[in-house]
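Chains as they are written, first to last, in our numbering: chain A, 87 to 202; chain B, 139 to 254. Backbone N, C-alpha and C define an ideal beta-carbon position, used for all residues, glycine too. Everything numeric in this text was worked out from a predicted model, so none of it was measured.
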């Protein structure tokens, strides 16, 4: 069974440019999460999709970040325009719904974003 | 709001020696607790979890952790480390009341180096 995949593995862009990160969850997983780790800091929650709907986007830093999950399959996270402080590793995780008491999350390898 | 503290940024141990990684959490009730490991180029992998019951939990790869409510701690242990245990370890807490939105709050991680 394929795990969570993320593309690209590494992206280097200049300040002001646009970048789109992609996450393919495990097939059949309704839940999809985005997290971000800024260097040296903790991994922080960004948002949570249930199928194609945003369940919780309380962790999104600002309106330069736009996440979509069309059709409830893969998800994209677009940063436009990118700023220096957006650099970090962006993780995606997916989980199946309905497990008790907790839906285990399976993580992808992350996308390392460097904004110059 | 919940939080997780991992006081050790970097730990070095000799192969075959015992290991203990510290984790303290802040949460108003009994939390759901997790330890994840990230090896280079890999996603975060769940080592073990605690929801309730026996406070000593066993995980994969020979790891165990003990939940101590009085100390708000969930330290990870292994009696004898192997070179393959070199990785970064993350403690995380989940909100036991937020069913359906299983977002995780992570600590800053502990990087483990193994020396021969």
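Q | Cβ separation of residue 199 of chain A and residue 97 of chain A, assumed to be a contact under 8 Å, to the nearest whole Å | A | For the purposes of this step, residue 199 of chain A is identified with residue 113 of the first chain, where counting begins at 1. For the purposes of this step, residue 97 of chain A is identified with residue 11 of the first chain, where counting begins at 1. At roughly 5 Å, the Cβ-Cβ gap stays under 8 Å, so residue 199 of chain A and residue 97 of chain A are in contact.
**OP:** Please name the residues in the segment 103 to 129 of chain A whose beta-carbon is closer than 9 Å to at least one beta-carbon of chain B, in chain order.
**Re:** 117, 119, 121, 123, 126, 127, 128 and 129
- Message: By the three-class DSSP mapping on this structure, what secondary structure does residue 156 of chain A have?
- Response: Taking the first chain and counting its residues from 1, one reaches residue 156 of chain A at position 70. In the structure shown, residue 156 of chain A sits in a helix (DSSP, three-state: H, G or I).
- Item | chain A residues whose Cβ lies nearer than 7 Å to that of residue 241 of chain B | Counting from 1 along the second chain, the entry for residue 241 of chain B is found at position 103. In chain order: 119, 131, 134 and 142.
Query - residue 244 of chain A burial status per 10 Å Cβ neighbour count (16 or more: buried) - result: Outside the displayed span of chain A (87 to 202) sits residue 244 of chain A, for which this structure offers no information.
Point to revise | C-alpha distance - residue 95 of chain A paired with residue 110 of chain A, whole-angstrom precision | key: Locating residue 95 of chain A in the first chain gives position 9, counting from the first residue. Locating residue 110 of chain A in the first chain gives position 24, counting from the first residue. Looking at the two C-alpha atoms, the distance is approximately 13 Å.
Q) Can you tell me the Cα-Cα spacing of residue 192 of chain A and residue 118 of chain A, whole angstroms? A) Translated into positions along the first chain, residue 192 of chain A becomes position 106. Translated into positions along the first chain, residue 118 of chain A becomes position 32. Each residue's Cα considered, the two are about 9 Å apart.
Q.
I'd like to know if the segment 143 to 163 of chain B and the segment 136 to 154 of chain A are in contact, where contact means that at least 3 CB-CB pairs between them fall below 8 Å.
A. no
When we look at the beta-carbon of residue 133 of chain A and count the other beta-carbons within 10 Å, is it buried (16 or more) or exposed?
-> What you label residue 133 of chain A is simply residue 47 of the first chain in a count that begins at 1. It is buried - the Cβ of residue 133 of chain A has at least 16 other Cβ atoms within 10 Å.
- [ ] Answer yes or no: do residue 172 of chain B and residue 242 of chain B have a C-beta to C-beta separation smaller than 9 Å?
- [x] As a working note, residue 172 of chain B is residue 34 in the second chain. As a working note, residue 242 of chain B is residue 104 in the second chain. Yes, the Cβ-Cβ distance between residue 172 of chain B and residue 242 of chain B is below 9 Å.
Q: Kindly list, in the order they appear in chain B, the residues whose Cβ is closer than 9 Å to that of residue 90 of chain A.
A: If you number the first chain from 1, residue 90 of chain A lands on position 4. By Cβ distance, chain B contributes 181.
Note to self: Assuming residue 244 of chain B and residue 128 of chain A are in contact, meaning their beta carbons sit under 8 Å apart, how far apart are those beta carbons, in whole angstroms?
What the structure shows: For the purposes of this step, residue 244 of chain B is identified with residue 106 of the second chain, where counting begins at 1. For the purposes of this step, residue 128 of chain A is identified with residue 42 of the first chain, where counting begins at 1. Rounded, the Cβ-Cβ distance is 5 Å, consistent with contact.
### Query
Apart from the five residues on each side of it in sequence, which residues of its chain come closer than 6 Å, Cβ to Cβ, to residue 183 of chain B?
For the purposes of this step, residue 183 of chain B is taken as residue 45 along the second chain, with counting starting at 1. Excluding sequence neighbours, residue 183 of chain B sits near 175.
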